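The structure appears below as structure tokens.
2 protein chains.
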Amino acid sequence: MEKTKIRSWADVTPRLVNVAAGRDAADSVIRRGQWVNVHTREIIADIDIAIAEGRIAYVGPDADHCFGPDTEIIEAEGRFMIPGLCDGHMHIESGMLTPAEFARAVIPHGTTTMFTDPHEIANVLGLDGVRMMHDEALLQPVNIYTQMPSCAPSAPGLETTGFEIGPEDVATAMHWPGIIGLGEMMNFPGVVNGSQQMLAEIAATLNAGKTVGGHYASPDLGPAFHAYVAGGPADDHEGICEADAIARVRQGMRSMMRLGSAWYDIEAQITAITEKGLDPRNFILCTDDSHSGTLVNDGHMNRVVRHAIACGCDPVIALQMATINTASHFGLEREIGSIAPGRLADIILTSDLTTLPVEHVIARGVTVAMDGNIAVHCPHYNWPDHVRETVHLGRDRTAEDFAVRTRDDASTVTANVIGVIENQAPTQALTVVLKVKNGLVQADSEADVAQIALVERHRGTGGTTNGFVSGFGYTGRMAIASTVAHDSHQMIVVGTCRRNMAMASNRLGTVGGGVTIFKDGQEIALVELPIAGLMSDRPAYIVAQKVDAMVAAMAVCGCALNNAFMQHSLLALVVIPELRISDLGLVDVTKFKFTKLIEGTQ
Amino acid sequence: MEKTKIRSWADVTPRLVNVAAGRDAADSVIRRGQWVNVHTREIIADIDIAIAEGRIAYVGPDADHCFGPDTEIIEAEGRFMIPGLCDGHMHIESGMLTPAEFARAVIPHGTTTMFTDPHEIANVLGLDGVRMMHDEALLQPVNIYTQMPSCAPSAPGLETTGFEIGPEDVATAMHWPGIIGLGEMMNFPGVVNGSQQMLAEIAATLNAGKTVGGHYASPDLGPAFHAYVAGGPADDHEGICEADAIARVRQGMRSMMRLGSAWYDIEAQITAITEKGLDPRNFILCTDDSHSGTLVNDGHMNRVVRHAIACGCDPVIALQMATINTASHFGLEREIGSIAPGRLADIILTSDLTTLPVEHVIARGVTVAMDGNIAVHCPHYNWPDHVRETVHLGRDRTAEDFAVRTRDDASTVTANVIGVIENQAPTQALTVVLKVKNGLVQADSEADVAQIALVERHRGTGGTTNGFVSGFGYTGRMAIASTVAHDSHQMIVVGTCRRNMAMASNRLGTVGGGVTIFKDGQEIALVELPIAGLMSDRPAYIVAQKVDAMVAAMAVCGCALNNAFMQHSLLALVVIPELRISDLGLVDVTKFKFTKLIEGTQ
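Residue numbers (my numbering), protein chains in the order written: chain F, 1 to 602; chain D, 1 to 602.
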């Protein structure tokens, strides 16, 4: 596997020592900047940084003794020199981009390190898929560490994924060069209840000396929470209020505070620092999920840091939470996260510490972006063909596959219907009376009830699971189908018309995955996501344009929800209450049990 | 090798989770204390701690759900519960005690973790000696991590040690279970000048993922300092002023601030926190060297924390500097240094956070001391016989061995004389005119010039190197001999009488090392240090009594210096300016070169 070459500090000490002592010339020197020191929480003026071998050799006043005839000079001209930004927890797949294209999108925003959990591809392609993400990550000119996914499937027994991840997979992956720890342990009921498999995955990680990511998505801070902490997860990004953040940090976890495209969890938690005055060292900023549109229009970790500052956080503390705190958490504080000797030369020049314009980005000693423009190549992995052929429908679907049947003589049924709630991940479990015609249960546009189906796409079983969903506002004859379908990433199809649902399903089978919208028998939007049905290897701005067009098409079909596509893609996420659909049936997520679609027939 | 059994967090997660969840009973519960939280820097009242498998299972309000019929209850009764104290850098040999006896002395003071560099024994017994210290350390009921000594000899070419340590030894030791990193890299000129051997030792440590200890004993904060930092040391305890502390932390090192028996470096440096307001996370407290008398009379890390508080430091910040900061530095923050789930249950109960009375010490879940009394066994290693037979004189010495001869017809000589400076480690290079009788250069009690000799004791060469020393104030006919002779630990003999010098030397050959004082042909004090000529395996209070008697005997001989014995034992330390003696000759430590004893004859 080709890798971006960067030698370890141990390997280059002779050169760094020689440069610092003035016996050898630096590769480059950044001159006369304000050193934002995340170790001391100071800003120190008139500082030079000498760089060699991609690492920092010298930081101090006047690096003249490090100059040689070939030393490149970068004039900071009094600007702030801050460490490259680190995203403490995120999923690349959320951008619908490959690691290379994700990196290309975020480098101009100053992100030079990402801790990524390729959890989505793990559900589609298993350990092999994780390895390919990991390998493409290692090709990049910035640091992309991989967290080994812990929970595929997310809800064993309630859904079928393309592949499963077990403790042996975790133990294997811990030896890969880019693995930094275990990805978020979402199966918190499993940990709390002492699940042997979950504790074995954690043990494999701890025994490798690596960090266990957490995900405790519950407001219960009683014994269940304490049991989860005792199980070993070292961080959590699911806190949503100040009490959550404080509880986690008190218990020796790190509180990861999240600003994703649709997550706004910082404002409510950062008061633990800004008002309660807690030691900020155990707080970390992250994005978790960023859509390509956010990356193109708003930024990445620079957006998060700016937001933290806007919430009243001291700028240097906010920067600590996106640099050294993150590095320390993963045992990398002597590799990244600060501007100090031996560390990778990941440095941003900015003229304002509050608005944080990212004017010049240096990664591993090389200029990788200037004034928002990428200045470096982000190599693509040579994805094998089978990765682009993951939509296995078994057979084409017809309208009949989406027929929900009951007794021929029935006039109505009482159905359990998934109720979408705007701007919230949880759904409501609704009970709705639906009309029956010739034994076929009918959707009801007037009552805002559409059909939903889970089309099996991993193993070619030809299976289709049907249900009803309310809240999208769809009208007319339409269907939307998506192979982005957290977490199993089967295919979710929502529609008002069974024929359009079949057409949308088959279309994704043909293009290899993505999102498509059909209206009156015509495709009106398509986002191709050929890699695992989750990601595009085209640039972020192109994907963002297509996603924008897709969202516009949803609106054309009557849907006015905020974050409408995210709501769609989460309808199979059988770990968040109350009601979801999987390939195995309708799931009551308050009880982690299957439930009936039709409660009664009249 | 027998080891104190403590299972890893990974191995006991099922039990800890069950206890926290209330499905299993804790081994013990500490009830109703004030939780000193070093993660958040808070004090939280009315907290219970449940312990199982020697680790913390639950910390929170009301652990009633963790009780069972066999659960031991410890009533905190509102006292403060603080993490067991950690000493970030120290040498056990400085107490003249074995690891077991050192542990027994410090556990009642609340020290539950030590990072120890068995640098002294390395000079006498090499890697084998380090291994024996390491093995005895692992037998103890508290945590003693070993830093692999980096510099034996401390000054290659200027002295002969019993054994030498090289990069291969370092690489070997990195695989031992109790090795936490490399001991203080004292050869800072070597690092600054790119010494291949020193950088190889550092690389071996970094490649093992472990921490490189630093020792930069120079006021020069220019390029030499920066080159040292670029070489990889991660901490330094040689800072003596605020600027030293700030410079180190800015450069991404940790500043270890020292209060030893004779080191008082905290008051001058802690202002970086108390006045300059720097982020305290990268400051650590340590002792470096504690004499047995200090351990018996004053304390250990509790003394250091109290002192930091007395210097104006917030008590919880002072505690962070002796607990979580230390743990984080060595990559152990999920093992020790805080009261949080999964961590070793190392806990102190104290009723006052300022005066810090150590009332109850729990280590690994077991009560190890109460009200200053040890409550646990500290097992001795089965030291092999050859470790007690390290004083190899080759042959008995006679007065003639200490004769300094010049021309028979000379009346005086001009000699280079080592000048002792009270309360300082550096010596002065003096030039003194001494009388000659029958070709024998004479000491001069009136001018306070005594003889000094380095008696070879490692390899039995029979060699003796002679010189003169001023400043001890010795009068009458006396001699003091010591096999504690930093860092080579040959034998230093100082005296006013050649016959007494021979008797003292031979006496240490007979008893196997230690310190002896002869006056008028009679031994008036003896401290037996049979293990490597450095340590006793008797309890600290006995050793302290003998040392007190020895210091009193020095006074009887006319010496009124503060820390008189330390001054004596450092006279062969050929890395600290200006003038020292080694087995190879008189050393000018300003130039790292040998110099003549006799400059001129008159």
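Note that CB positions come from ideal geometry on N, CA and C, so glycine has one too.
Remember, predicted model here, so these are calculated numbers, not experimental data.
Inset, instruction - Could you name each continuous beta strand (DSSP E) segment of 3 residues or more that falls completely within the region 346-394 of chain D, going from the start of the chain to the end? - result: 347-350, 360-363, 366-370
Legend entry - Contact between the region 533-549 of chain F and the region 140-158 of chain F (3+ Cβ pairs under 8 Å): No, they do not touch.
Legend entry - Thr326 of chain F to Thr113 of chain F span [Cα, whole Å]: Translated into positions along the first sequence, residue 326 of chain F becomes position 326. Translated into positions along the first sequence, residue 113 of chain F becomes position 113. If you take the alpha carbons of Thr326 of chain F and Thr113 of chain F, they lie about 10 Å apart.
Inset, instruction - Give every residue of the same chain whose Cβ lies closer than 6 Å to the Cβ of Asn563 of chain D, excluding the five residues on either side of it in the sequence, and list them in chain order. - result: Here residue 563 of chain D corresponds to residue number 563 of the second sequence, with the count starting at 1. Excluding sequence neighbours, Asn563 of chain D sits near Ala262.
Inset, instruction - Return the CA-CA distance between Trp383 of chain F and Gly342 of chain D, expressed in angstroms with no decimal places. - result: Here residue 383 of chain F corresponds to residue number 383 of the first sequence, with the count starting at 1. Here residue 342 of chain D corresponds to residue number 342 of the second sequence, with the count starting at 1. Distance between the alpha carbons of Trp383 of chain F and Gly342 of chain D: 41 Å.
Legend entry - Residue(s) in a DSSP beta bridge with Asn466 of chain F: On the first sequence, position 466 is the one that residue 466 of chain F refers to. DSSP, once it has assigned bridges, lists F:Ala453 as partnering Asn466 of chain F.
Legend entry - Simplified DSSP assignment, three categories, for Phe188 of chain D: The sequence position of residue 188 of chain D within the second sequence is 188, counting from 1. Three-state result, Phe188 of chain D: helix.
Inset, instruction - Give the DSSP-derived three-state secondary structure of Arg250 of chain F in the structure shown. - result: Counting from one through the first sequence, the residue named residue 250 of chain F turns up at place 250. In the three-state reduction of the DSSP assignment, Arg250 of chain F falls in the helix class, which pools H, G and I.
Inset, instruction - Apply the 10 Å Cβ neighbour rule to Ile309 of chain D and answer buried if 16 or more other Cβ atoms are within range, or exposed otherwise. - result: Here residue 309 of chain D corresponds to residue number 309 of the second sequence, with the count starting at 1. So Ile309 of chain D ends up on the buried side.
Legend entry - Any 3 or more C-beta pairs closer than 8 Å across the region 334-352 of chain D and the region 88-102 of chain D: no
Inset, instruction - Check the Cβ of Trp176 of chain F against every Cβ in chain D and list those closer than 9 Å, keeping chain order. - result: The residue given as residue 176 of chain F occupies position 176 in the first sequence. Residues of chain D passing the Cβ test: none, with the nearest at roughly 16 Å.
Inset, instruction - List the endpoints of the continuous beta strand (DSSP E) containing Phe115 of chain F. - result: Position 115 of the first sequence holds residue 115 of chain F. Residues 111-116.
Legend entry - contact_flag[the region 214-232 of chain F, the region 33-47 of chain D] where n(CB pairs < 8 Å) is 3 or more: no
Legend entry - Beta-carbon gap between Arg258 of chain D and Asp265 of chain D smaller than 9 Å: In the second sequence, the residue the question calls residue 258 of chain D occupies position 258. In the second sequence, the residue the question calls residue 265 of chain D occupies position 265. It is a contact, given that the beta carbons lie within the stated cut-off.
Legend entry - 9 Å Cβ cutoff met for Gly462 of chain D and Arg395 of chain D: Residue 462 of chain D sits at position 462 when you count from the first residue of the second sequence. Residue 395 of chain D sits at position 395 when you count from the first residue of the second sequence. Yes; because the gap between Cβ atoms is below 9 Å, this pair is in contact.
Inset, instruction - Could you tell me whether any Cβ in chain D is nearer than 9 Å to the Cβ of Asp11 of chain F? - result: As a working note, residue 11 of chain F is residue 11 in the first sequence. Yes, its Cβ sits closer than 9 Å to a Cβ of chain D.
Legend entry - beta strand (DSSP E) runs wholly inside the region 29-101 of chain D, at least 3 long, in chain order: 42-52, 55-60, 72-75, 80-83, 85-90
Inset, instruction - Output the distance between the C-alpha atoms of Met370 of chain D and Gly252 of chain F, rounded to the nearest integer angstrom. - result: If you number the second sequence from 1, residue 370 of chain D lands on position 370. If you number the first sequence from 1, residue 252 of chain F lands on position 252. Each residue's Cα considered, the two are about 27 Å apart.
Legend entry - Helix, strand or coil at Met256 of chain F [DSSP, three-state]: In the first sequence, counting from the first residue as 1, residue 256 of chain F sits at position 256. Of the three classes helix, strand and coil, the one that applies to Met256 of chain F here is strand, per DSSP.
Legend entry - Host beta strand (DSSP E) of Tyr145 of chain F (start-end): Position 145 of the first sequence, counting from 1, holds the residue named residue 145 of chain F. Unbroken beta strand (DSSP E) run through Tyr145 of chain F: 143-148.
Legend entry - Three-pair Cβ contact test at 8 Å for the region 409-424 of chain D versus the region 469-488 of chain D: yes
Legend entry - Proximity of Ile362 of chain F and Ile6 of chain F at Cβ, strictly below 9 Å: Along the first sequence, read from residue 1 onward, the residue named residue 362 of chain F stands at position 362. Along the first sequence, read from residue 1 onward, the residue named residue 6 of chain F stands at position 6. Contact: no.
Legend entry - DSSP bridge partner residues for Arg580 of chain D (one or two, in chain order): Position 580 of the second sequence, counted from the start, is the residue given in the question as residue 580 of chain D. Arg580 of chain D pairs with D:Val587.
Legend entry - Rounded Cβ spacing between Ala57 of chain F and Cys66 of chain F (contact assumed at less than 8 Å): The residue given as residue 57 of chain F occupies position 57 in the first sequence. The residue given as residue 66 of chain F occupies position 66 in the first sequence. Rounded, the Cβ-Cβ distance is 7 Å, consistent with contact.
Inset, instruction - Establish whether the CB of Pro609 of chain F and some CB of chain D are separated by less than 9 Å. - result: This structure gives no information on residue 609 of chain F, because the portion of chain F shown stretches from 1 to 602.
Inset, instruction - Would you identify the three-state DSSP class for Gln603 of chain D, choosing helix, strand or coil? - result: Only positions 1 to 602 of chain D appear in the structure, and residue 603 of chain D is not among them; the question remains open.
Legend entry - Beta-carbon spacing of Ile179 of chain D, His119 of chain D below 9 Å: If you number the second sequence from 1, residue 179 of chain D lands on position 179. If you number the second sequence from 1, residue 119 of chain D lands on position 119. No, Cβ-Cβ distance for Ile179 of chain D and His119 of chain D is not below 9 Å.
Inset, instruction - State yes or no: is the beta carbon of Ile44 of chain F nearer than 9 Å to at least one beta carbon in chain A? - result: As a matter of chain content, chain A is missing from the structure shown, whose protein chains are F and D.
Legend entry - Element boundaries [alpha helix (DSSP H), containing Leu138 of chain D]: Counting from one through the second sequence, the residue named residue 138 of chain D turns up at place 138. From DSSP, the alpha helix (DSSP H) with Leu138 of chain D extends over 119-138.
Inset, instruction - For chain F, find out if any of its Cβ atoms is closer than 9 Å to the Cβ of Glu2 of chain D; answer yes or no. - result: By one-based count along the second sequence, residue 2 of chain D stands at place 2. Since pLDDT at Glu2 of chain D reaches only 43, below the 50 mark, its modelled position is unreliable, and no value is offered.
Legend entry - Closer than 9 Å to chain F by CB, Glu333 of chain D: For the purposes of this step, residue 333 of chain D is identified with residue 333 of the second sequence, where counting begins at 1. Chain F contact via Cβ: present.
Inset, instruction - Quick one: which unbroken alpha helix (DSSP H) runs of 4-plus residues sit fully inside the region 306-349 of chain F? Chain order, please. - result: 315-320, 324-329
Legend entry - Any 3 or more C-beta pairs closer than 8 Å across the region 511-520 of chain D and the region 549-558 of chain D: Short answer: they touch.
Inset, instruction - Check whether the region 223-241 of chain D touches the region 26-33 of chain F, taking contact to mean three or more Cβ pairs, one atom from each stretch, closer than 8 Å. - result: no
Legend entry - As assigned by DSSP and simplified to three states, the class of Asn282 of chain D: The residue you call residue 282 of chain D lines up with position 282 of the second sequence. Helix at Asn282 of chain D.
Legend entry - Residue-chain proximity (Val19 of chain F, chain D), Cβ-Cβ < 9 Å: In the first sequence, the residue the question calls residue 19 of chain F occupies position 19. So, interface residue.
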